[in-house]
Structures are given as C-alpha cells and as structure tokens.
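Notes follow once the structure below has been shown.
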Amino acid sequence: MSNLLKDFQVEAKNPSLEARQRWRSSVSIVKNRARRFRMISNLEKLAENEKKRCQIQEKIRVAFYVQKAALQFIDAGARREYKLTDEVRQAGFHVEADELASMVRNHDTRSLTKSGGAEGIAQKLSVSLTEGVRSSELHIREKIYGANRYAEKPARSFLTFVWEALQDVTLIILMVCAVVSIGVGVATEGFPKGMYDGTGILLSIILVVMVTAVSDYRQSLQFRDLDREKKKINIQVTRDGNRQEVSIDDLVVGDVVHLSIGDRVPADGVFITGYNLEIDESSLSGESEPSHVNKEKPFLLSGTKVQNGSAKMLVTTVGMRTEWGKLMETLSEGGEDETPLQVKLNGVATIIGKIGLGFAVLTFVVLCVRFVIGKAAAGGISEWSSEDALTLLDYFAIAVTIIVVAVPEGLPLAVTLSLAFAMKQLMKDRALVRHLAACETMGSSTCICTDKTGTLTTNHMVVNKVWICENIKERREENFELNLSEQVKNLLIQAIFQNTGSEVVKDKEGKTQILGSPTERAILEFGLLLGGDVEMQRREHKILKIEPFNSDKKKMSVLTSHSGGKVRAFCKGASEIVLKMCEKVVDSSGKSVPLTEEKIAAVSEVIEGFASEALRTLCLVYTDLDEAPSGDLPDGGYTLVAVVGIKDPVRPGVREAVQTCQNAGITVRMVTGDNISTAKAIAKECGILTAGGVAIEGSEFRNLPPHEMRAILPKIQVMARSLPLDKHTLVNNLRKIGEVVAVTGDGTNDAPALHESDIGLAMGIAGTEVAKENADVIIMDDNFATIVNVARWGRAVYINIQKFVQFQLTVNVVALIINFVSACITGSAPLTAVQLLWVNMIMDTLGALALATEPPNEGLMKRQPIGRTASFITRAMWRNIIGQSIYQLIVLGILNFYGKQILNLNGPDSTAVLNTIIFNSFVFCQVFNEVNSREIEKINVFEGMFSSWVFVAVMTATIGFQLIIVELLGAFASTVPLSWQHWLLCIVIGSISMILAVGLKCIPVESNSHHDGYELLPSGPSDSA
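Numbering (the working numbering), first residue to last: 1221 to 2245.
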C-alpha cells in the first residue's frame, strides 16, 4: 500500500508547493470535488492572494521610502485639504478619519507637526493623553472613525452545504435514473406502482444529502468558533484614567495604547512617549531591518510587531482604513493547509475508488450480458419493451450505486470531522489549536521541550528570601523584617521602582494593581511591602533611558537623573551574570565598599543556596555616572545592593502529567533561563530529571562539537541558563535524530524554535503575540497538563480515523464482492440502489460521526508514539478487515444461493423475503462491526462506549431507521416486513461478528503489541529517552 501512496505524502508543517500540487493532481476519482476539497487550501487562490499581498507590500514600501522623501519637497499649499464634515464637528471632533489615515500611511511628519504633534492630534480627537478615552464616548468614536475590525468572508448558510452535497456526480446520475425510472414505470405499470422504485431512489438521495449537509454545517460552525478564538488579542490601554486590558476589536480612534516587546501594533497611530522602540515592519513592507520609532519618526502601522523597547501610542486609524486591514482581507481566503492524514486518505480513497469503478463496470457488463443471453435464449432478442428498458436502467442504477459505495469519499472528510471535534474539545480544555495538522502531529510527538516558569510552575511569584548587607532575611507571612538603615532602604527601593518594566496602577475600584511579568510583579510587591511609593520615585527621578529585559542578555538596565546633575544606572538580572558586573557592595550604613574575592565567594554561596531551594535569584545593582552615556549602558563598575530569591511553586498535578508522558514514551525536557541549581531542583520535583539524565547549561551545550552533541542529546533532560538560540539548536538537532518535537515558548525570541519544531506550543497568558503567531497550538492556561491533553487528543484522532477506515473498508469489500459475484452467477444484485445508498450513509457520514468523534481513553497514553513513517493501515487492521469480510461474504453468499432451502421459504414473495433478510443481515453485520471497530486490538469493545453519546445516538438512529425501512418503506426500498424469527436471525448473524472479532484479535500479527491493545514500553523513563 505504501508504494501506491508515494504521491500522497506531505510534510505536517510547511509542506512544499510541489508535494501539494502532486497529490492534488493524483486524485483522479472524485464524486464531489467541491465537498472533498472544501477544507483544503486552494492553491490558485493562495497564489492570487500572495500576488495581492506583494502589491500591497510594494505600495507600502513606496510610502516608506519614496513618499517620505517626496513630502519634504511638496509645498504645504499643494497638499490636499480635508474639509471637516458637519457629522464630525457635531460629534465634538476636529479632524477627518481620511486625513488621519493619509497622514500616518504616508508618514507625513509635516502635517503632524502642523497639527501640533501627538498632543495636537489628541486635542483634535478630544482625548487626554493621560486619562485616555472615556467609556461613554466609545460608540460615537466607532460611528465617526470606524471599528477596528477587518472585512471577513460571510459565513456560509445551511442551504450552501445542501447545494454542495448535491454536486455529487453519482447522486446526479442516480437522480436522472430515478426520474427516467418514474417516467417508464408509470407508463408500463401505471400510477402509483410505477413510481415506487424511482421515488425510493429520490427519497434516499434527499436523506443522504440532508444528513451530509447537517454534518458539514455543524463542522463549519465548529471551525468558525475556533477562528473567532484565534483572532482574540488583548492589548493594554488607558481609559477613564485607568490602565486596563481590552480586545483589539474594541479599540477606537483616540485610545492610548501601551506597547511592549512582542506586542502586535493593533492599529495605526503616532508615538507619544517610550524608550528604545524598535518595530519589525516586515509583515507590511517586506523589509527585515527593524525601524526605530521616536518623536522624530513617530508613525506606527497596524500589523507590525514590537521587537524591542516599550511605548505609548495614540490610535489614529482603525480597521479597513489601515493598510493591514486591506492586507488581512486578502489573507482571509484560501483555506486551511491539508494534513498528512487527509492527504494519505485521499490516496486510499483514490485507489479504492479505481477498484470500485472497475467492479461497477464489470457488474453492469455482466448483468447486461446475462440479460441479453437470457432474452436471446427465450427467442425474444428482436423484441424490446419498455420493461426491458426499465430492467437495464435498474442495472445501470445498481452499477452507479456501487460506485457511490465503492468510492470512500468519507475517508479524508472523516479526518476533518475528527480534527474539528478534537479542536472543539481541546478549546474547552484550554488549548487553542491554530493549525489542523498540529493536533494530528501531536499524537506522534516523542519529545516535549518545555519552559519552566508558568508551565511547570504556577507563575504566582513572591520574593521569599533576600540577601542584603551580608544578611539573609526570609519572608514571614506577608512581611519582611529587614532592619535596614534609612540609606540602604532608600537605595533598595530605588533599585526596585526605578528599574522595572511594570506599573503600579489603581483599578476602577481604587485597589492597587501591578501590571507586568510575574517576576516584575513579585519584586514590585516586595517594594510595596517595604513601604515604597512608586509615584514619588517617578516624580523625583526622571527616567532617561531603558534597556528592557531580553532572553539573550538576561538583564534589564535603566538610566535615571540624580541629584547634582548626575545620573544613576540601575541593573537587575540573572545573578551569576550581574554579579560579574559588580566591583562594590552596599554595607549596612549604605556606603559602597569593595567587593573582595571572599565576598564574591560568599555571595555566590548564597545564590547557590537559594537556587538549591528552587528559588529564582536576581541581583539588584546600581552605579553613579557623571554623565549619560551616548551608547549602551555600562556593563561593569556596579555596586551590589541585594540578591532576591523568588519562589514559584510547582503546579499541582505536574508530576503526574510528566509521569503520564514518560509512560507514553514521550521524553520531557525542561529548557529554562534559570541557573542550573534552580533548574535541577524544580526538575527533580517534577519528575523530569531521573537517574542517568543529564542537566546541562546552554553555554556548555552550544559549544559542544557536533559528534559530542549527538551523543549527549538523548540523555539531556534539563537545559539551564539557555538562550532562545540554544532552544532552537536543541530542537533542530533532536529532529535530525528522528524525534518528533513539541516545544513551548512565550517570548519574541522563542519564535524561531516554535517555527522550527514539529509542534510549536505558545503560552496564552505569558506569551507574546509574536510567539502566538508562530505557534501551532496556544496553551490558554500555560499549564503543562494541558499540553499532555493535546498529545492525548492527537493520539485519539489518529486511532479514531484508523477505526473508521477499518470499518469502512470492510463494508466496501463486502458490498462490492457480494453484488459482483451475485450478478455473475444469478444475473441479479441482492442489494438494490436504495439499499446501497442507505448502506453508504451508514458507513460514510454516520460511521464517521460514530467512530471519528470518540473521546480519548487512558490506554492511549500507555502506548509508544506513532512513528513518522508508520503504516497507517496496520497489519492488525488488515487482519480484522479480511476476517470480518470473509465471514460476511460466506454468510451472505450462503443466504443468497441457498437461503430459500435453508429457511424453507416458499410462495410468490420468497425472493423478496430472502433479499430483505440478506439486506437486513448485511446492515446488522455493519452495526455490530461498528462496535467491533471501537478497538483495533483490545478485546473489550464496550469500555467507555456509553460515555460517547454521539456513538450511542448513531447506533440507535441506525437501528431505528433500519426497522422503519424494512417494516414501513418496503414499496420504496424493495423490502417486505419480516417475522420476529427472521429479525432474530439477522441480529444473530450480525452479533456473531463480535465473537469472531475476539478470535481474530487473539491472532498475533505484530511483534510489539498484545491483544489488550497496549504496546510494550521500555523498562523505565531513562531508557525511553
């Protein structure tokens, strides 16, 4: 099978255009192209969108580099004048939306200066730069200047899905056959008897179309909900004098937005204040070099990303008036990238479709030849009646219906159904899957490289210990008794409140709230406990320059004005790094004294002691300068003020989740910026660091020779003091040795590792927008247990599709062979067109609903991961398919050829009764085989069955409607009512397949599995690495 599917293989992530085109062109037999490819990206549309995107980028590039220069030479009198409309004036504003949009889009600094800069624009927009927009004005601002939403493709209605389901070529042919059948039937047999066969086919088609449309429509609603979640982005603004978080969809012109590293600029605007603001404009202009934004270059464009620094901006243009809005309109179409399983099953469907088409043609030819031979033998070859035409039409309808059954259109669509269901359930479990393939790939993951902070730990940090003036002080409930001199205390408070990326604000209720990262919040809370006043500190000391914290430097620095015209630089960060920058230390009187080797050793011992208690350690230092440096802040000459130890407890349930991964053959590796002692303490507490495992520092890892790196890779369980580049290198090398790698990330610099990995997992709470955009899955609660749940659902999707394929292929084989053999031997097909349409619905839409939406069970996490190159249709599946097919063919063949004698059927309706028994037995064989298919290896197929309400509902509906077809719709379905003895016989025939399944599962076919369904695992976690 693998050789036949060589053209149906694509990468799970970033598949090549050649591979995507190759498998599409290889799909030769498709009943309904519109439906089959509905959830598959349209390559022509994508190419068209890419062309539009390039045109918009070129236009923006012109604005950046040509118009900015040209504007310098345009006389102010030649500029376009915007007349203020009465609507804008009556609303209390003094500037038009188009004027603001043009100013920012064209980087028109002259118009901005003429308007009075950001302050002047704020006045024209009737907004205070300190108080922000008033909530009561939001509606009128949206009305005048527009909403911050982009044009989206309208949602498809239910009738659209009905029409799409009707595009099935085989159904169209059957509809034509049905209409002809009604016409000929009424002419020969009269009304209403002549209408039954044709009407039965039409009613069956309507039923198939409606069930298909309902299933597809519900699926589209699930994807719409997921798309809505993907687009949810929150941003910090000042409104009503308070800093608060709002959705970017709710931004209005005049809002004061706070930007920090990793944020996406949510609208067009102008710079108010900020430090070292660098903007990545590549998404708009295609330029890779970051743009520096300041008072001289004040314009910010929607869709760009903050690469460095922080700032406040005034929103001037929103929604479709921005260039980003126009760009988003082109990106909203094109469809989702296909998943490897979808592509593979398209290949399986194509191969089986070709076989089915061959059988259908053969069946039609055999039936026609036998009919002609029979007619010739009877001497009536020269005389043809309308009844003969009706018979040939029935043969043709049967042949077409065999194609309906034989082409398993539902196989690739079942993947989409299963993934949609899994993604919806994961959304409830706090995981947002951004790309379909990620959910599928997660089932094959062999390694999870996870961050520590917030993922393994609670992210609720508090300063637990502090070293200052050569004394260690520990937190007692909510207090610290430091007993410091006034000079030392003031110095410590300055080091805390001056050098911070967070803010202390009042919420609407007037309560103090700290905004910022968990580490920053912990230190500011510590400062407030010491009696510090952040407002007073900001008033007394003006901030001149900020070098924000980043993962490479592992420190943050700030330059502030000081008394006597001097300036003071503060720095805080990773203890070992910052300690090396110090030459002095503060003594108990507040004076700076030399930091001798002995004192350095003593401080290092304190740091090591804190770290061994799983505390994150930071050094707070300062230095006085005569004047502000023109370049970067100094990297030496500092005075050590304090070492703080921050506690971040391990999340409840993490140890159990890690153990679950190890039981499932998934190696968990912790990658953290903390020092190695802290990292090892946390890793042991979580159960990550085991006997034989290696803990290594990033600096040591990155300097290893390639052969040593490959040798140590499988043993690495902890990487400490790592840079984002180290994480990227680790992921890259793990993939080279065949690992399927999932990696977590939250910072902007984690984007390359998230992109490089097989599954990128971004943190929903701590993660930046840049990290989220590069991720495949967003972990909304930042919890490691949620990551394990994604892996569990990934495995469930794969296994569910295997179950469905096993079930559908069994139906395919039996339906094809029984009709073909019967046609060859008896000259008639036991299953009519209407009956085959009903069987097709059982095995296609209803079968997918029942088997492809089963929730995961605990047994899934006791198996080894599914290999990258593993055969999708396993030997165990072939065993079950062949075994069940042989049983059904034998039973149905015996009934077909010897049923009348065995069942003692006599009378004019004996053939009708026998054909009904065959049809009924065939359906019940599929019903019981559907239950069998719930487990490919395990004997107990009933475990968890009643907790899957979808499966129970489908089974109930199938049996109920089968009863109605046989007992009440005989005129349309070519059936007759059966006695209770015959019903019992049909059920017994079907139920024997369950006993057979037990026997089949005891036949060994794979060396590494047992009939209980669990694969053998290595002896311990260390071996599995």
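We treat Cβ as the ideally placed atom computed from N, Cα and C, and that holds for glycine.
CB contact check: residue i to chain D, cutoff 8 Å
{"i": "L1582", "result": "The structure shown contains no chain D, having only a single protein chain."}
DSSP bridge partner residues for residue i (one or two, in chain order)
{"i": "I1999", "result": "A1651, M1983"}
{"i": "Y1842", "result": "F1790, T1859"}
{"i": "V1891", "result": "M1939"}
{"i": "I1866", "result": "V1683, R1836"}
{"i": "R1459", "result": "V1353, N1462"}
{"i": "T1964", "result": "L1981"}
{"i": "H1512", "result": "E1498"}
{"i": "L1479", "result": "A1531"}
{"i": "T1537", "result": "D1488"}
{"i": "V1805", "result": "V1813, L1860"}
{"i": "L1520", "result": "G1489"}
{"i": "Q1733", "result": "V1725"}
Nearest-angstrom Cα separation, counted from residue j out to residue i
{"i": "K1661", "j": "Q1882", "result": "Reading the sequence as shown, one finds Thr at residue 1661 and not Lys. Rounded to the nearest angstrom, the two C-alpha atoms are 18 Å apart."}
{"i": "Q1562", "j": "Q1714", "result": "59 Å"}
{"i": "R1484", "j": "T1968", "result": "11 Å"}
{"i": "Q2108", "j": "F1381", "result": "35 Å"}
{"i": "S1505", "j": "N2077", "result": "48 Å"}
{"i": "R1354", "j": "G1474", "result": "10 Å"}
{"i": "V1813", "j": "V1864", "result": "20 Å"}
{"i": "R1448", "j": "E1465", "result": "18 Å"}
{"i": "V1683", "j": "V1754", "result": "18 Å"}
{"i": "I1623", "j": "A1317", "result": "60 Å"}
{"i": "F2166", "j": "L2071", "result": "13 Å"}
{"i": "Q1439", "j": "A1982", "result": "25 Å"}
{"i": "V2152", "j": "S1480", "result": "In the sequence as displayed, the identity of residue 2152 is Asn instead of Val. Cα to Cα, N2152 sits roughly 55 Å from S1480."}
{"i": "P1925", "j": "P1934", "result": "16 Å"}
{"i": "L1521", "j": "Q1343", "result": "21 Å"}
{"i": "K2023", "j": "M2175", "result": "15 Å"}
{"i": "H2276", "j": "A1487", "result": "One cannot answer for residue 2276 here, as it falls past the ends of the chain, which runs 1221 to 2245."}
{"i": "I1421", "j": "T1408", "result": "18 Å"}
CB-CB length for residue i against residue j, believed under 8 Å
{"i": "V1625", "j": "N2060", "result": "5 Å"}
{"i": "G1980", "j": "Q2028", "result": "With 8 Å as the limit, G1980 and Q2028 do not qualify as a contact, their Cβ atoms being about 33 Å apart."}
{"i": "V1205", "j": "S1942", "result": "Since the displayed the chain opens at 1221 and closes at 2245, residue 1205 lies outside it and no answer follows."}
{"i": "C1667", "j": "L1954", "result": "6 Å"}
{"i": "I1688", "j": "L1712", "result": "7 Å"}
{"i": "V1725", "j": "R1463", "result": "5 Å"}
{"i": "P1560", "j": "A1657", "result": "7 Å"}
Per-residue burial, residue i [other beta carbons within 10 Å of its own, 16 or more giving buried]
{"i": "F2148", "result": "buried"}
{"i": "V2031", "result": "buried"}
{"i": "A1398", "result": "buried"}
{"i": "R1309", "result": "exposed"}
{"i": "D1306", "result": "exposed"}
{"i": "G1336", "result": "exposed"}
{"i": "Y2118", "result": "exposed"}
{"i": "P1738", "result": "buried"}
{"i": "S2141", "result": "buried"}
{"i": "V1592", "result": "exposed"}
{"i": "A2090", "result": "exposed"}
{"i": "M1643", "result": "buried"}
{"i": "V2025", "result": "buried"}
{"i": "T1720", "result": "buried"}
{"i": "N1679", "result": "buried"}
{"i": "D1417", "result": "buried"}
Open item on the list: Does the region 1580-1598 come into contact with the region 1611-1625, if we say contact requires no fewer than three beta-carbon pairs (one atom in each stretch) closer than 8 Å?
Closed with: yes
Task: Stretch pair the region 1999-2011 + the region 1869-1878: three plus CB contacts closer than 8 Å - done: Inter-segment contact for the region 1999-2011 and the region 1869-1878 is present: three or more beta-carbon pairs are separated by less than 8 Å.
Open item on the list: Taking 8 Å as the cut-off, does the region 1423-1443 touch the region 1382-1393 (at least 3 CB pairs, one atom from each stretch)?
Closed with: yes
Task: Validate contact between the region 1789-1805 and the region 1763-1779 using beta carbons, cut 8 Å, 3 pairs - done: Segments in contact, yes.
- [ ] Would you check if there are 3 or more beta carbon pairs closer than 8 Å linking the region 1758-1771 to the region 1491-1498?
- [x] yes
Open item on the list: Is it the case that the region 2143-2160 contacts the region 2208-2215, given that we only count it when at least three CB pairs across the two stretches are under 8 Å?
Closed with: yes
Open item on the list: Any contact between the region 1573-1582 and the region 1244-1252? By contact I mean 3 or more CB pairs, one from each, below 8 Å.
Closed with: yes
Open item on the list: Does the contact criterion of 3 or more C-beta pairs under 8 Å hold for the region 1630-1646 versus the region 1839-1850?
Closed with: no
Open item on the list: Would the region 1646-1657 count as touching the region 1593-1601 if we require 3 or more Cβ pairs under 8 Å?
Closed with: With a cut-off of 8 Å, the region 1593-1601 and the region 1646-1657 do not count as touching, because too few Cβ pairs lie within range.
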